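Taking it in order: structure first as structure tokens, then the write-up.
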Amino acid sequence: MSVTTEPPRTSRPPLQPAATPAPVRRDGRWIDDWNPDDERFWEDHGKKIAKKNLAFSIFAEHIGFSLWVIWGVIAINLANVGIALSLSELFWLTALPNLVGSFLRIPYTFAVPRFGGRVWTMISASLLFIPALLLAIVVPSGWLADQSHDTQLWVLMLCAATAGFGGGNFSSSMANISYFYPERQKGAALGLNAAGGNLGVAVAQLVVPLVIIIGVPAAAVKVMPHEVHLAYAGLIWIPFIIVAAVGAYLYMDSLSQAKADKASYVKAAKQPHAWIMSVLYIGTFGSFIGYSFALPLVIKNTFPEFLANHTFIATYLAGLGFVGALIGSIARPLGGWLADRVGGARVTLGCFLGMGLFTLLAIVGVNERSFGLFFGAYCVIFALAGAGNGSTYRMIPAIFSALGRRQGEDAATKLDFKRQAAAVIGIAGAIGALGGFFIQLAFRQASLGVTAAVKAADTPAEKVQVAAAHADWSIGALWVFLGAYVVMALMTWAFYMRRSTSTGPVPSVADAAV
């Protein structure tokens, strides 16, 4: 009897989809075939490329923020190198970088499509050599020390204004990275990019006060005025600027899809919600960056008796700003995360109400001469401002998505309003940064009285006495900020938490925002 046997059956592996072709880079590391919303392309190639570009973008933006706020540290140390400026003049040195950086945010946004993300990151990083070298060479020079008071002020103002280059980096960095990531991951990527940049504020305020006293005896540092090496405040950033520029040139990419959508900006500018959200962002990001610049100068001239008895805090006064900036930077992504769960408008409303309450406590701290109460209140204000940064940015796409649904559910309408939302993020980023300038302008105006009184005093001892007698000079500005937070809280409630407004029912927008 014959027996037939069959060959053993083997299990065949399931067919795997063919890998997507890798994107081809043409001259200048331009990529034409970029499709991150294709999941297969994203997993095979896109994710790795996007993460690499994000890393170098964060690094360059981080250095930009550090140079942007550095004059908050320099201003309180000019007396140590023999340059005597009034309080109102010092506020100009911290306000100008803020103002210039705010205006640069719009052209920086359009620079990415014009030059490409890779080349523009290299250019914007290289521009940081200007404020760093001016600070290293001109500010501590014997030439400047020999000039008249007016000449010193104008030269210092010009040097400080160049630090605004660092403020523009945020917009170009955010615009560039938004093109690399799929829609479902843009929020997380942009949150990391923004938080990494904001941390540059904290790093500058922690590192620079320590760097400028390298080589100065510890005993001498406790004496006011004392020797400082302001040149080090500029030189320390030079190697990092080189790394940022060279790293961008060698490893970053440019996407041909990153087009300047001017039509979306025009359409967005006609939407009332674009300007409402810009005002709200003035209250959140403007508070974060404005207080980051101004707080060391405010503390120095509000609590002289406390600083006289606490030499360590007086010596590292700018380092106190590090605490607030760090808290605000960490709170930003947390605010976005919370907004995803309970609603952007609810979080934003809570932030403004809290900022108003703790501003009131800061006023009490000034009146009661309590540095602890004042500084503790401002730490909470930084946290709420940071959280508000995240929640307001979360509101913008939700609001414009709801506006788009009113017009129709077709793909073209959705894309149109998505682009308008992206444009509003750019507009709000620029206008919101102006809030920092307004905060410093308010402090400067509040200081004019004490500045005039100090100037009228005859002797240095009398000037010190007059300054101490007017240590509550900042209260007028604090009341203005309190009023602004109340108004912004009311705006948030009226436009995004009520179910109707005087202009008609807006239930879809309210539902999206909350």
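Each residue of the sequence shown is one higher than the one before, starting from 0 at the first, in numbering that gives the first Met the number 0. For each residue, glycine too, the CB sits at the ideal point set by N, CA and C. Every value quoted in this text rests on a predicted model; they were computed, and no experiment measured them.
Relative to the C-alpha of residue i, which candidate in the options has its C-alpha closest?
{"i": "lysine 269", "options": "Phe399, Val80 and Asp409", "result": "Phe399"}
{"i": "leucine 53", "options": "Phe169, Lys417, Gln204 and Val449", "result": "Phe169"}
{"i": "tryptophan 472", "options": "Asn300, Phe370 and Asn97", "result": "Asn300"}
{"i": "valine 138", "options": "Ala194, Ala243, Asn79 and His61", "result": "Asn79"}
{"i": "glycine 165", "options": "Pro106, Ala243, Gly63 and Ser253", "result": "Gly63"}
{"i": "leucine 132", "options": "Val423, Trp29, Phe351 and Ala232", "result": "Ala232"}
{"i": "leucine 359", "options": "Val479, Ala188, Leu155 and Asp31", "result": "Val479"}
{"i": "alanine 188", "options": "Phe55, Gly342 and Leu433", "result": "Phe55"}
{"i": "alanine 83", "options": "Ala476, Thr450 and Leu489", "result": "Thr450"}
{"i": "histidine 272", "options": "Thr391, Gly434 and Ile57", "result": "Thr391"}
{"i": "leucine 157", "options": "Leu209, Leu92, Gly116 and Gln204", "result": "Leu92"}
{"i": "isoleucine 136", "options": "Gly81, Leu229 and Ile122", "result": "Leu229"}
{"i": "serine 204", "options": "Phe292, Ala194 and Ala244", "result": "Per the sequence presented here, residue 204 reads as glutamine, with serine not at that position. Of the listed residues, the one whose Cα sits closest to glutamine 204 is Phe292."}
{"i": "isoleucine 241", "options": "Gly342, Lys261 and Ile129", "result": "Ile129"}
{"i": "phenylalanine 305", "options": "Leu279, Gly364, Ile281 and Asp339", "result": "Gly364"}
With a threshold of 6 Å on Cβ separation, who are the neighbours of residue i within its own chain once the five nearest residues in sequence on each side are excluded?
{"i": "threonine 19", "result": "Arg39, Phe40 and Asp43"}
{"i": "lysine 266", "result": "Gln419"}
{"i": "isoleucine 395", "result": "Met276, Ala420, Val423 and Ile424"}
{"i": "aspartate 31", "result": "Ser255"}
{"i": "leucine 134", "result": "Ala232 and Gly233"}
{"i": "alanine 313", "result": "Leu306"}
{"i": "leucine 294", "result": "Gly320"}
Pull the bridge partners of residue i from the DSSP assignment, please.
{"i": "arginine 24", "result": "Ile30"}
{"i": "leucine 254", "result": "Ile30"}
To the nearest angstrom, how far is the alpha carbon of residue i from that of residue j?
{"i": "aspartate 149", "j": "serine 85", "result": "12 Å"}
{"i": "threonine 502", "j": "threonine 491", "result": "With a pLDDT of 39 at threonine 502, under the threshold of 50, the predicted position of this residue should be treated as unreliable, though the coordinate-derived value follows. Their backbone Cα atoms lie some 15 Å apart in a straight line."}
{"i": "phenylalanine 416", "j": "serine 177", "result": "16 Å"}
{"i": "phenylalanine 437", "j": "arginine 25", "result": "45 Å"}
{"i": "valine 486", "j": "glycine 355", "result": "10 Å"}
{"i": "leucine 95", "j": "glutamate 408", "result": "45 Å"}
{"i": "glycine 163", "j": "serine 101", "result": "8 Å"}
{"i": "threonine 120", "j": "valine 222", "result": "43 Å"}
{"i": "valine 505", "j": "glycine 385", "result": "Caution applies to valine 505, whose pLDDT of 46 falls short of 50 and renders its modelled position unreliable; the value that the coordinates give is listed next. Distance between the alpha carbons of valine 505 and glycine 385 is about 28 Å."}
{"i": "glycine 285", "j": "alanine 476", "result": "15 Å"}
{"i": "glutamine 151", "j": "glutamine 444", "result": "21 Å"}
{"i": "serine 328", "j": "tryptophan 70", "result": "19 Å"}
{"i": "glycine 323", "j": "alanine 410", "result": "43 Å"}
{"i": "glycine 387", "j": "arginine 331", "result": "7 Å"}
{"i": "glycine 116", "j": "leucine 198", "result": "22 Å"}
{"i": "leucine 296", "j": "lysine 46", "result": "44 Å"}
{"i": "leucine 440", "j": "alanine 59", "result": "29 Å"}
{"i": "proline 216", "j": "glutamate 226", "result": "9 Å"}
{"i": "histidine 309", "j": "valine 220", "result": "13 Å"}
{"i": "lysine 51", "j": "leucine 489", "result": "42 Å"}
Closer than 8 Å, CB to CB, is residue i near chain B or not?
{"i": "isoleucine 424", "result": "Judged by its chain identifiers, the structure shown contains no chain B, having just a single protein chain."}
Near residue i, what residues of its chain come up, given a Cβ to Cβ distance below 7 Å and the 5 sequence neighbours on each side ignored?
{"i": "valine 202", "result": "Ser65"}
{"i": "serine 507", "result": "Residue confidence is low: serine 507 scores 48 on pLDDT, short of 50, so the model does not pin down where it sits. Its coordinate-derived value is still stated next. Correct list, in chain order: Ala401, Arg404 and Arg405."}
{"i": "serine 277", "result": "Ile426, Ala427, Ile430 and Gly431"}
{"i": "isoleucine 111", "result": "Correcting the residue identity first, residue 111 is valine in this sequence and not isoleucine. For valine 111, where only same-chain residues beyond five positions count, the Cβ hits under 7 Å are Trp119, Ser171, Ala174, Asn175 and Ala257."}
{"i": "valine 465", "result": "Ala452, Val453 and Ala456"}
{"i": "threonine 412", "result": "Gly403 and Gln406"}
Between residue i and the ligand ATP, is there a pair consisting of the residue's CB and a ligand heavy atom that are separated by less than 7 Å?
{"i": "glycine 195", "result": "Looking for the ligand ATP in the displayed structure turns up nothing, as the structure carries no ligands at all."}
Per DSSP, what kind of secondary structure is residue i in: helix, strand or coil?
{"i": "serine 56", "result": "helix"}
{"i": "leucine 103", "result": "helix"}
{"i": "threonine 502", "result": "With a pLDDT of 39 at threonine 502, under the threshold of 50, the modelled position of that residue is not reliable, and no figure is offered here."}
{"i": "tyrosine 315", "result": "coil"}
{"i": "serine 507", "result": "In this prediction, serine 507 scores a pLDDT of 48, lower than 50, which makes its location untrustworthy; no coordinate-derived value is stated."}
{"i": "tryptophan 153", "result": "helix"}
{"i": "arginine 515", "result": "Any property of residue 515 remains undetermined from this structure, which presents the chain solely from 0 to 513."}
{"i": "histidine 44", "result": "helix"}
{"i": "alanine 361", "result": "helix"}
{"i": "alanine 338", "result": "helix"}
{"i": "asparagine 76", "result": "coil"}
{"i": "phenylalanine 302", "result": "coil"}
{"i": "arginine 497", "result": "coil"}
{"i": "histidine 228", "result": "coil"}
{"i": "methionine 276", "result": "helix"}
{"i": "valine 458", "result": "Residue identity differs from the one stated: residue 458 is threonine in this sequence, not valine. If DSSP states are grouped into helix, strand and coil, threonine 458 belongs with coil."}
{"i": "threonine 108", "result": "helix"}
{"i": "leucine 356", "result": "helix"}
{"i": "lysine 51", "result": "helix"}
{"i": "glutamine 146", "result": "coil"}
{"i": "aspartate 564", "result": "As shown, the chain starts at 0 and ends at 513. That puts residue 564 outside it, with no answer to give."}
{"i": "isoleucine 211", "result": "coil"}
Whose C-beta lies closer than 8 Å to the C-beta of residue i among residues of the same chain, with five residues either side of it excluded?
{"i": "phenylalanine 302", "result": "Arg368, Phe370, Phe373 and Ala470"}
{"i": "leucine 126", "result": "Phe164"}
{"i": "isoleucine 362", "result": "Ile474, Leu477, Trp478 and Leu481"}
{"i": "leucine 14", "result": "Low confidence applies to leucine 14: its pLDDT is 45, below 50, so where it sits in the model is not reliable, and the reading given next is rough at best. If we look at leucine 14 and ignore the five residues flanking it on each side, it has no Cβ neighbours."}
{"i": "arginine 104", "result": "Gly166, Gly167, Phe169, Ser170, Gly425, Gly428, Ala429 and Ala432"}
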